[in-house]
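**Q**
Residue numbers (the numbering used here), protein chains in the order written: chain B, 7 to 329; chain L, 7 to 329; chain U, 7 to 329.
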């Protein structure tokens, strides 16, 4: 744990890599949210460009495909005036049998400044941060079933914009907690920012062992778990879990764990509904809820750009501070 | 029809989406051609950049592959100083089962300014324009067998540059009219701009029913149809129509409907030859004609950039006017 | 030969295409190295952008996949402020059956300024340079088994940075000389720049017939061939040569022609080890050597950007001079 903490922070305690919520603290998360707020305000104006990263080269190292995350990182980098090199590694160098480390060594020799890494293996971004040159920043854009910290921070940003503060909030995360790097990062961030309670609601087969140790209350029934909650975060159900030992059927899942208007009424009247997307309509969420007045799902997408701009510029600064 | 017209124009009658030639009028088409003319002149100089769309984000939403059209839109956007996000949707989000509408909603939440849409379904660009946020412009880069209006306008631009005016011109479109969105847009534009006559020359199996209602004269024989024409537009023959019920063989097709030097002599002496590309040499056109002195095929490609710059900048302006 | 020479140079003898080392001369190669040196120095500073190619459009025409080469050309172009259009031709227009010449004609009609070409056919870049419009520069990024001149020049740059001068140097190139465009360009450049001796070390099955005519001494045994050498260039072994008539097995190859610490000791004490990458650890080179103190493999990658910046800016200038 300590190693990870040190890896993410420079000697003045500033962010220089952004790898996981684990190892950070409330002050740093708040600084990210405040920085994102300044970008979000500005991007509502007509010209959305900042010269902060002019002349810097950011490499998108996507070992796993992701339209949305790649697009928002690319837009965030563009709006900070950085140059972007997008590498779809699944279809390139490593197919010539090159190791991850050799790929990294070669990219860093090209005098780039930052890696945004998405990889199907847990720990890939940490591994890269441990082994890359000291002047390079690493951002985790999702690693295996470990963490997806920029997604968690855009969720925190969305919650803070709507609810103003974290103190006193009850947040329920519903769905496949077991396989979700998003849920893991969210639980860590929510607890760090001091919400009243984090609940997970899921069938037993989709919960990790000893899940309570993450700092959550466990519910198996939405009719109970949604009572008094202020924020409901629905997780995407990976279709490949279906017809497996994990789940009986889509219909059955929707009946028990899908969010409908009727179940939404169990929560507090002003509860908001979130989802990291892309949504499966009629599987984990009813269309009427996804498109309804309590949904902030599309605001999450918008907020993703401001939060990623914050993380890109803060780590680049943190790196300067450390040199 | 009225709905489409309103959709493309703002309350002052200015272009805000560019979805189809249908619904526009002679004045607007002429404004596009005049605007393109100003860009075409400037791009013959050394530095080809205009700051008109600085800070704007244009998303290429290509649900169907197209090297040439994507490249010219990308170059047009770059020369207007816009930022471009290229989404090859065939291989991305929708493969996770997301609907077209959810894809659009998510992209617009990323605070982008314009969608350039290519889709295999007729009406896709209209559908998107109907459902997207009011500040976003939509450009149709080809939808199914419906329209390909920027291709038609670059063809009009090419004709006007060579022939100076539309009045009095006889234009023949030769080939697979039935499946061609290009031909549909061309026929509409030529009639709107007031040419003397639009002819279609094709085998019966490649003509739509009631084709005369589009405002064309119908010919089944090039030796008759090419008499007195000033402009010959050859259409690409999709190889997949071959060995089908539509056509006997490539050789047979070339013999009847391929443009050779001999058949070209039937037309007016100063007739020009056009083709939207990519050409099938020896299928719909002889190499000697494609590369000959009457061919303006490569000028069409050059003109495509100026015309797309015109459409991008006019719709962006039209949007401002409407707000 | 004369035709090729003329093709690469303008009437004042300046570079306007960069197609092959063959046809150039010592002065031109030295000018490339000096120009690269000025960029390399500058890129060690914080902001790495030069406005030299602002408003110019460079098209990456990659008919063959290459992560590394494409990335370094893209970075070099970006750092010169050019606009880049990346065409992965393998998956695009030519799949519609368009000929290479038609693809080129169409791209040049888009008013672009430069083609960076990679193609599996020897002579493809020459062919394009012969047929393209006079204002367009062509850079060979590797053509079949013919030449890879920017790779050779980054290798020369790396050697000069470490060894200060070429006179007196003994250079050994080890591996699959027969199929290597890299080796061919290196041999030509090393001889042009006046090294003392170029050696090739390989099994007979991986040497071209009459290889001595290229100006090399031939060795079949590393224990003999590495004696007194100052620079060792290891070539990548294409795995597809294995289990063929060319080679017995990877293990056998490594035993005979792989560079180990033990064999490295045969060379001069201050010999440097080079490799064009990506490396096959344990096939042509031991990890301890690739990562060891005598390896300059990653410096080669860094130098590739400065050298490509030099070639891009010199050809663009040479073109201006010729007009």
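Heads up, the beta-carbon is just placed ideally off N, CA and C, and yes, glycines get one too.
Got a sec, what are the start and stop residues for the beta strand (DSSP E) residue 176 (chain L) sits in?
**A** Segment 176 to 180, the beta strand (DSSP E) holding residue 176 (chain L).
**Q** Return the CA-CA distance between residue 28 (chain B) and residue 239 (chain B), expressed in angstroms with no decimal places.
**A** Whole-angstrom Cα-Cα distance: 20 Å.
**Q** Quick check on the DSSP output: the beta strand (DSSP E) that includes residue 239 (chain B) runs from which residue to which?
**A** Taken as a continuous stretch (DSSP letters only), the beta strand (DSSP E) holding residue 239 (chain B) covers 237 to 240.
**Q** Return no unless some Cβ of chain L is closer than 7 Å to the Cβ of residue 84 (chain B).
**A** Output row for residue 84 (chain B): interface = yes.
**Q** Going along chain B, which residues have a C-beta under 9 Å from residue 116 (chain L)?
**A** Within chain B, the residues near residue 116 (chain L) are 74, 77, 78, 81, 307, 308, 310, 311.
**Q** For residue 100 (chain L), I'd like the list of residues in its chain whose CB is within less than 8 Å of its CB, leaving aside the five on either flank, ordered along the chain.
**A** With a pLDDT of 48 at residue 100 (chain L), under the threshold of 50, the modelled position of that residue is not reliable, and the figure given next carries that caveat. Cβ within range, chain order: 69, 106, 109.
**Q** Which residue from B:233, B:202, B:312 puts its Cα closest to that of residue 221 (chain B)?
**A** Per the Cα distances, B:202.
**Q** Does residue 226 (chain L) come out as helix, strand or coil in the three-state DSSP assignment?
**A** In the structure shown, residue 226 (chain L) sits in coil (DSSP, three-state: anything other than H, G, I, E or B).
**Q** Considering just the uninterrupted stretch of the beta strand (DSSP E) at residue 137 (chain B), what are its terminal residues?
**A** Segment 130 to 137 is the alpha helix (DSSP H) holding residue 137 (chain B); no beta strand (DSSP E) there.
**Q** Compare the Cα-Cα distances from residue 24 (chain U) to each of U:256, U:81, U:142, U:301 and report the closest residue.
**A** Closest by alpha carbon: U:142.
**Q** Measure how close the beta-carbons of residue 265 (chain L) and residue 295 (chain L) come, nearest whole angstrom, since I'm counting them as under 8 Å.
**A** Indeed, because the Cβ distance is near 5 Å, the residues count as touching under 8 Å.
**Q** Using DSSP with H/G/I as helix, E/B as strand and the rest coil, what is residue 205 (chain B)?
**A** Three-state result, residue 205 (chain B): strand.
**Q** Along the beta strand (DSSP E) that carries residue 280 (chain U), what are the first and last residues, could you check?
**A** Unbroken beta strand (DSSP E) run through residue 280 (chain U): 278 to 280.
**Q** What residue ranges within the segment 72 to 99 of chain B form continuous alpha helix (DSSP H) runs of no fewer than 4 residues, ordered along the chain?
**A** You should have 73 to 85.
**Q** Between residue 95 (chain B) and residue 122 (chain B), is the Cβ-Cβ spacing less than 7 Å?
**A** No, these two residues do not count as a Cβ contact at 7 Å.
**Q** Starting from the C-beta of residue 259 (chain U), find all residues in its chain whose C-beta is less than 7 Å away, skip the five residues before and the five after it, and write them out in chain order.
**A** Contacts found: 243, 253, 289.
**Q** Report the three-state DSSP secondary structure of residue 311 (chain B) (helix, strand or coil).
**A** Residue 311 (chain B) falls in the helix class under three-state DSSP.
**Q** Which term fits residue 299 (chain L), buried or exposed, when burial requires 16 or more other beta carbons within 10 angstroms of its beta carbon?
**A** The residue is exposed, with fewer than 16 neighbouring Cβ atoms inside 10 Å.
**Q** Of all the CB atoms in chain L, is at least one closer than 7 Å to the CB of residue 104 (chain U)?
**A** With 7 Å as the cut-off, residue 104 (chain U) counts as an interface residue toward chain L.
**Q** Excluding sequence positions up to five away, which residues of its chain have a Cβ less than 7 Å from the Cβ of residue 137 (chain L)?
**A** Once the five neighbours on either side are set aside, the close Cβ partners of residue 137 (chain L) are 107, 110.
**Q** Excluding the 5 residues preceding and the 5 following residue 323 (chain B) in the sequence, name in chain order all residues of the same chain whose CB lies nearer than 6 Å to its CB.
**A** Taken in chain order, the list of residues that qualify is empty.
**Q** Is there contact between the segment 188 to 205 of chain B and the segment 152 to 162 of chain B, where contact requires at least three CB pairs shorter than 8 Å?
**A** With a cut-off of 8 Å, the segment 152 to 162 of chain B and the segment 188 to 205 of chain B count as touching, because enough Cβ pairs lie within range.
**Q** If you count every other CB in all the chains shown that lies within 10 Å of the CB of residue 251 (chain U), and 16 or more means buried, which is it?
**A** Exposed, by the Cβ-count rule.
**Q** Would you say residue 111 (chain B) reaches chain U, if we count a Cβ-Cβ gap shorter than 7 Å as a contact?
**A** It does; some Cβ of chain U falls within 7 Å.
**Q** Less than 7 Å between the beta carbons of residue 177 (chain B) and residue 196 (chain B), yes or no?
**A** Result yes, Cβ atoms of residue 177 (chain B) and residue 196 (chain B) sit closer than 7 Å.
**Q** Which residues in chain L have a C-beta closer than 9 Å to the C-beta of residue 324 (chain U)? List them in chain order.
**A** Within 9 Å Cβ-Cβ: nothing; residue 324 (chain U) doesn't reach chain L, min ~16 Å.
**Q** Whether or not the segment 156 to 166 of chain B and the segment 305 to 321 of chain B are in contact is what I'm after, with contact meaning three or more pairs of Cβ atoms, one per stretch, closer than 8 Å; do they touch?
**A** With a cut-off of 8 Å, the segment 156 to 166 of chain B and the segment 305 to 321 of chain B count as touching, because enough Cβ pairs lie within range.
**Q** Would residue 90 (chain L) and residue 64 (chain L) be called neighbours here (beta carbons separated by less than 7 Å)?
**A** In this structure, residue 64 (chain L) lies closer than 7 Å to residue 90 (chain L) by Cβ.
**Q** Return the CA-CA distance between residue 31 (chain U) and residue 21 (chain U), expressed in angstroms with no decimal places.
**A** Going by the C-alpha atoms only, they are around 11 Å apart.
**Q** Which one of B:207, B:305, B:104, B:18 has the shortest CA to CA distance from residue 166 (chain B)?
**A** Here the closest residue by C-alpha is B:305.
**Q** Could you work out which residues of chain L lie near residue 63 (chain U), taking near to mean beta carbons separated by less than 7 Å?
**A** Here the neighbours are 81.
**Q** Skipping 5 residues on each side, what residues in its chain have a beta carbon closer than 6 Å to that of residue 88 (chain U)?
**A** Result list for residue 88 (chain U): 59, 62, 64, in chain order.
**Q** Using only the alpha-carbon positions, how far apart do residue 230 (chain B) and residue 180 (chain B) sit?
**A** If I take the Cα positions, the gap works out to 12 Å.
**Q** In whole angstroms, what is the alpha-carbon distance linking residue 26 (chain L) and residue 104 (chain U)?
**A** Between residue 26 (chain L) and residue 104 (chain U), the C-alpha separation is close to 28 Å.
**Q** Are residue 164 (chain B) and residue 309 (chain B) closer than 7 Å when you measure CB to CB?
**A** Cβ atoms of residue 164 (chain B) and residue 309 (chain B): closer than 7 Å.
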